[in-house]
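Colleague:
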Amino acid sequence: ENGELFKVTSENSFSIEEVLVANSAGLISSEVVDQFALMSSFPNPFNPVTTISFDLYGNSNVDLSVYNMMGQKVTTLVNGFKEVGSYDIEWNGVDNTGTNLASGIYMVKLTTANGVVTNKVTLLK
Numbered sequence: 005e006n007g008e009l010f011k012v013t014s015e016n017s018f019s020i021e022e023v024l025v026a027n028s029a030g031l032i033s034s035e036v037v038d039q040f041a042l043m044s045s046f047p048n049p050f051n052p053v054t055t056i057s058f059d060l061y062g063n064s065n066v067d068l069s070v071y072n073m074m075g076q077k078v079t080t081l082v083n084g085f086k087e088v089g090s091y092d093i094e095w096n097g098v099d100n101t102g103t104n105l106a107s108g109i110y111m112v113k114l115t116t117a118n119g120v121v122t123n124k125v126t127l128l129k
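Under this note's numbering, the residues of the sequence shown are numbered 5 to 129, in order.
1) Of the residues Ala117, Lys124, Phe85, which one's Cα is nearest the Cα of Ile56?
2) So who's on the other strand from Asp59, going by DSSP bridges?
3) Who pairs with Asp137 in a beta bridge, going by DSSP?
4) Starting from the Cα of Gly108, find the closest Cα among Leu81, Met74, Gly89, Phe85 and give me that residue.
5) Note down the Cα distance separating Ile93 from Thr101, rounded to an integer number of angstroms.
6) For Ala106 and Thr80, I'd like the C-alpha separation in whole angstroms.
7) Excluding the five sequence neighbours on either side, which residues of its own chain have a C-beta within less than 7 Å of the C-beta of Asn48, listed in chain order?
8) What do you reckon, are the CB atoms on Phe40 and Asp59 nearer than 8 Å?
9) Would Ser64 and Ala117 qualify as a contact pair, given that the criterion is a beta-carbon distance under 8 Å?
10) Just to confirm my understanding: we take Val120, look at its own chain, exclude 5 residues before and 5 after, and list those with CB closer than 8 Å. What are they?
11) Nearest-angstrom Cα distance between Tyr110 and Val82?
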């Protein structure tokens, strides 16, 4: 009723071995990420600013960049060493030169020492 699937108390120890995700169209593939995570941008679609959030579960060099649909890097939001923690980065829809980008779909790519993950974000003007 309140949306909880299960509860775990601090008395129990557990590990997640497999996650199954489904919608009305069927099973969706998913992976449990134990080193880093890139959350969905909010708001998405956005105008004029969206917040891109990511979590690091280990210290790492981080590159958080935005690419257009042709695979060209349009801006770098983070490029450097980050410690364990949660991060929120605002992107205002401009490229590295400060030029406003056109409406469209862009790919946000998070690269760490442990792998790469991407999400889509839509800029609407």
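The beta-carbon is built from N, C-alpha and C at its ideal position, and this holds for glycine as well.
Remember, it's a predicted structure, so these values are computed and weren't measured experimentally.
Modeller: On the basis of the coordinates in this document:
1) Lys124
2) Ala41, Ser90
3) Since the first residue of the chain shown is 5 and the last is 129, residue 137 is not available in this structure.
4) Met74
5) 18 Å
6) 17 Å
7) Thr54, Val125, Thr126
8) yes
9) yes
10) Lys113, Leu114
11) 16 Å
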